[in-house]
Each structure stands twice: as C-alpha cells, then as structure tokens.
Amino acid sequence: MVFEPGRYDSIALEEGVRLARGKLHEVCGEGAIGFVASLIGLLDGPVIWVACKDQPAELNPEGLAQFFDPGRLILVKGINRLDVLWAAEQALRHPGARCVVLEPGDGPDLRESRRLQIAAEESGALGLALIAGRAQTSAAHTRWQCECRKDESYPAAWKITKSKDGQHGRWRVRYPNRMRGEYAPGLMPLASATAA
Numbered sequence: 002m003v004f005e006p007g008r009y010d011s012i013a014l015e016e017g018v019r020l021a022r023g024k025l026h027e028v029c030g031e032g033a034i035g036f037v038a039s040l041i042g043l044l045d046g047p048v049i050w051v052a053c054k055d056q057p058a059e060l061n062p063e064g065l066a067q068f069f070d071p072g073r074l075i076l077v078k079g080i081n082r083l084d085v086l087w088a089a090e091q092a093l094r095h096p097g098a099r100c101v102v103l104e105p106g107d108g109p110d111l112r113e114s115r116r117l118q119i120a121a122e123e124s125g126a127l128g129l130a131l132i133a134g135r136a137q138t139s140a141a142h143t144r145w146q147c148e149c150r151k152d153e154s155y156p157a158a159w160k161i162t163k164s165k166d167g168q169h170g171r172w173r174v175r176y177p178n179r180m181r182g183e184y185a186p187g188l189m190p191l192a193s194a195t196a197a
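Sequential numbering of the sequence shown, starting at 2, is according to our numbering.
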C-alpha cells in the first residue's frame, strides 16, 4: 500500500499523542525495542529492520509475537554503521515502505538524519531509529526515551524528549498482547515534573 496523505498520516498512541508518518523518529533507552514493537503492532504490512551484522543482540521472534507477527519482518544486516544508514535510506525511499527500523548504534547526525527524513517524506514511511549509543543533534521529528520499570502492571515508561510539533508528555505503559486481542499499548499519563 502506498502512502496517501490525509489517510495514513499518523499513528495515534493516545489523544493528542501521535507519531507522524513520513518522518524519522528516534527512540532511546533500554525499553526502545518494546516501544518500536508496540508501534509495529498498530501497523499493517511488512516492516524492514536494518541493523549491523556485529550487533550483539538478536531479535527474539517469540518475544516479538506478543506485539505482532514476526513473519512480517524483513531483516537487513549491514557490515557497518554507514551500510545501515544507506540501507535504511534506500528502504525509506521505496514507495511501498510502511515502516523502516534502523539500528545505527549512535544516533544519526544532522546530515544523516536529514537524508533519512527526506527519504521518509518521499514515501510516507514511518522511520524509527533505535539509538543504543549517544543521541546527536538531528533532523528527527521526535525523540523518545523509553525505560523498563519493575512494575508488572506498567512495565515501561515512555517520555517525549524532543518534538518538532510541540507534543510532550510522560507515560507509564502496559504493553499490548495480541494473543489476548490487545493491539494498542495502554498509556497512563504521569504528572508533569513542573506541575504543582
């Protein structure tokens, strides 16, 4: 399915909190894969996941099955960080792309992220950069900090740390379980740190 402006222009996590398609979003923290897997569960079609071949952690299909059918994944392994960025840019440019996840290690710099952003805009694909190293100044539309919590009811916490459209917030998160017919994450807003 090709991107159609106005029809598939964002993914709603809750009222007032949306991830725009045709944009690059950065995701940081130990809970980043849970965040990305939750989003993929809200989408249809294949997902292209680009990582470096030397990356220490591999995706666990059994764990991902809670969120979405892992058979939807197209895995691409690059030799190094530059290969990952190049392959992700090419995937984002493809007119049939729906979602491209990339794991470049350190976040893309301003030039690299601008190239990824332009590619996402061309196809309308959702670009998700998992940042395991340091985040840099970038052209990403949003940056999310995602952490794990020791709470069975809400095992994750998500926070928007950068947003070009003014979105902000912090949430405790209950992950979906498609095996139980749950497809959207449950978000409980946390009071702003500046609220009295």
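Beta carbons are placed, not taken as given, at the ideal position from N, Cα and C, and that holds for glycine. Here the structure is a predicted model, which is why all the values come from computation and not from measurement.
(message) In whole angstroms, give me the CA-to-CA distance for Gln249 and Glu153.
(response) With the chain represented from 2 up to 197, any question about residue 249 goes unanswered, as that position is not in the structure.
(request) Grab me the residues of Arg135's own chain with a C-beta within less than 8 Å of its C-beta, minus the 5 sequence neighbours each way, in chain order. (result) Asp107 and Gly108
(request) Have a look at Phe4 and Ala140 and give me their C-alpha separation to the nearest angstrom. (result) Bear in mind that a pLDDT of 36 at Phe4, under 50, signals an unreliable position, so the number given afterwards is only what the model happens to contain. If you take the alpha carbons of Phe4 and Ala140, they lie about 21 Å apart.
(message) Contact defined as beta carbons within less than 8 Å: I believe Pro190 pairs with Glu183. What is the distance between those atoms, to the nearest angstrom?
(response) No, Pro190 and Glu183 are not in contact; Cβ-Cβ is about 19 Å, not under 8 Å.
(message) Distance check for Arg22 and Trp87, CA to CA, integer angstroms please.
(response) 20 Å
(request) May I have a chain-ordered list of the alpha helix (DSSP H) segments no shorter than 4 residues that lie completely inside the region 41-96? (result) The region 41-96 contains these whole alpha helix (DSSP H) runs: 62-65 and 82-94.
(message) Checking 8 Å against the spacing of the C-beta atoms, do Gly170 and Val18 come in under that value?
(response) yes
(request) Would you please state the rounded distance, in angstroms, between the beta carbons of Ala89 and Leu103? I believe it to be under 8 Å. (result) 4 Å
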